[in-house]
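Data first, discussion second: the structure below is written as structure tokens.
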Amino acid sequence: MSELEFLKAEELLKGDMVGQRVRTRGWIYRTRHKGKMVFTVIRDSSGIIQATLFKGDMEEEKEFEDAKKALVESSVEVEGILVEDARAPGGYEIQVRRFRVIHFAEPFPITKHQSEEFLMDKRHLWVRSRKLTEIAKIKHSVLKAAREWFDEHGFYEVTPPILTGSAAEGGATLFELKYFWQKAYLSQSAQLYLEALIFSLENVYSITPSFRAEKSRTRKHLTEFWHLEAEEAWTGLEGNMKIQEELTAHIAHRVAEWNGKQLEFLGREPRELLKIETPFPRYRYGEALEKLAEKGVELEWGDDFGAPEEKMLTEDEKLPIFITHWPKEAKAFYMRWDPEDTRVVLNNDMLAPEGYGEIFGASERETDVRHLIDRLEAEGASLENYQWYLDLRRYGSVQHSGFGMGVERVVAWLAKAEHIRDTIPFPRTINRVRP
Ligand code: NSS
């Protein structure tokens, strides 16, 4: 082999190097042979490129025989002349001169038309698929765009703990574990710790795994998901909502800008994402109930919305929507009661369009220590575990608000994924922790 630089498929498909000798490497994506020809397609992180071997053109005869033997997913280095060929994927192919098999793969277990269960068992191999690869790139962009936005708006990224002694989101979905001689939990949310940090850094955010023992299997729930959370001092509900919508629009625009190729493959028009503009429509919970009643769904005050209701509420909307001012019984102890309507709290959910459902949960926080104690007691929580949190209301309490965004839910919406499991390489659900 020569000392030529390895080029990615994407680079070669630009076509600038037609007529030149080029070198690439990757994994065999497809292969077949016929007489003196071997037709391969090589996959790398950037895409696929066709590489055709003609025995008479090969500089090492043995390499032709190796290419004939090499099965799908064998790793290879390829060198040859780049030519235009309208029949090839992407319009170019390499006419191969050298073909070095780095590793001869065993017969690959994944072939066409396999069950979802089988693909989950072979997830460590299925992550090589085109679909999961393209969605992974979009997830990278979502995280990068979010960090970019926070950085430009004066937020500090912080690193809250995952092992914790205090539940943020109620006992029903807590994962409990033995922590030496004590009881501990896996974090459901970084919120309580972010609240502690606003007293020094004022505006903070974190990107962490969160854990929920979700017992139902749905297309929106994981037991381990990535949680983007922010907390802002001196901010009420309306200011918090502005941050959520601006962040969402920024992420959508960046993904449209950076991931055109991926979106196209996944069937999402980048144009649709560029149309995500602020402000997003705002509805109170009470209005949402009325809207649902008009569509024939009678819910009681206090009922939560399931997937069908979320779908109905967003089906006529082009933008994500906010649902604000939820009944206090339905919501967490830390949400501030609305001084103008004591039936509700100052909070919002944000629902993505197209039936993707809730992507953000947010609220203004209760600042009065007495009130927090009453509510924790009413829930039967052990106050001992929350003393440190109550201290935050004892030493310079200020108005503050924050939100949590489900990273996989946002990726699913932007990438038009049918199921949340496509947005995380190794999804955890009630009956799956392997591979
Ligand atoms: O429960 S949330 O609505 N809110 C909180 O945890 C707050 N403590 C966040 C905060 O204010 N710092 O969860 C926030 C979001 C929710 O809107 C979903 O998008 C996502 O987290 N989420 C999930 N994604 C995937 N799977 C599961 N099980 C899940 N649960 C919540």
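Following the working numbering, the numbering of the sequence shown begins with 305 at its first residue and continues without gaps. Beta carbons: idealized from backbone N, C-alpha and C, even for Gly. Note that the structure is a prediction, hence the values are computed from the model and not measured.
Cβ of residue i versus every heavy atom of the ligand NSS: is any distance shorter than 7 Å?
i      : result
SER520 : no
SER493 : yes
MET709 : yes
ALA682 : no
ILE531 : Residue 531 is actually His in this sequence, not Ile. Indeed, a heavy atom of the ligand NSS lies less than 7 Å from the Cβ.
ALA472 : yes
ALA556 : no
GLY665 : yes
GLY543 : no
LEU478 : no
LEU718 : no
ILE724 : yes
LEU526 : yes
GLU712 : yes
GLU613 : no
GLU662 : yes
GLY351 : no
ARG516 : yes
GLY706 : yes
Please state the DSSP three-state secondary structure of residue i.
i      : result
LYS338 : strand
ASP653 : strand
ARG404 : strand
VAL715 : helix
THR582 : coil
VAL376 : coil
ILE414 : coil
TYR589 : helix
ASP678 : helix
ILE502 : helix
THR344 : strand
THR618 : helix
ASP645 : strand
GLY330 : strand
SER306 : coil
GLY543 : helix
ASN563 : coil
THR628 : strand
Taking the alpha-carbon positions, what's the residue i to residue j distance?
i      : j      : result
ARG674 : GLU619 : 42 Å
ALA556 : ILE580 : 7 Å
PRO263 : THR437 : No answer is possible for residue 263: the residues shown for the chain start at 305 and end at 739.
THR527 : ILE385 : 49 Å
GLU369 : MET305 : 17 Å
VAL322 : ASP348 : 20 Å
ILE547 : LYS416 : 44 Å
GLY659 : GLY710 : 15 Å
ARG586 : GLU542 : 10 Å
PRO657 : ARG713 : 12 Å
GLN703 : ALA472 : 19 Å
GLY360 : ILE332 : 22 Å
SER504 : ASP455 : 17 Å
LYS487 : GLU621 : 45 Å
GLN418 : ALA392 : 27 Å
LEU596 : THR522 : 22 Å
SER510 : LEU467 : 15 Å
LEU567 : THR512 : 26 Å
MET545 : SER667 : 9 Å
ALA500 : ARG432 : 41 Å
ARG427 : GLN691 : 43 Å
SER514 : GLY469 : 14 Å
THR287 : LYS448 : Summary: the structure shown does not reach residue 287, with the chain confined to residues 305 through 739, and so no result is reported for it.
ASN563 : ILE346 : 22 Å
So residue i and residue j are in contact, right, with Cβ under 8 Å, and what is the actual spacing, rounded?
i      : j      : result
GLY708 : HIS531 : 6 Å
VAL382 : PHE403 : 6 Å
GLU314 : GLY351 : 5 Å
THR628 : ARG588 : 6 Å
ILE353 : GLY394 : 6 Å
LEU687 : LEU680 : 6 Å
ILE439 : VAL649 : Contact flag wrong, Cβ pair sits at about 35 Å.
LEU311 : ARG327 : 7 Å
LEU498 : GLY665 : Not confirmed; about 14 Å, so no contact.
VAL380 : GLY330 : 7 Å
Under 8 Å, Cβ to Cβ, is there at least one residue of chain C near residue i?
i      : result
LYS340 : As a matter of chain content, chain C is missing from the structure shown, which is built from one protein chain.
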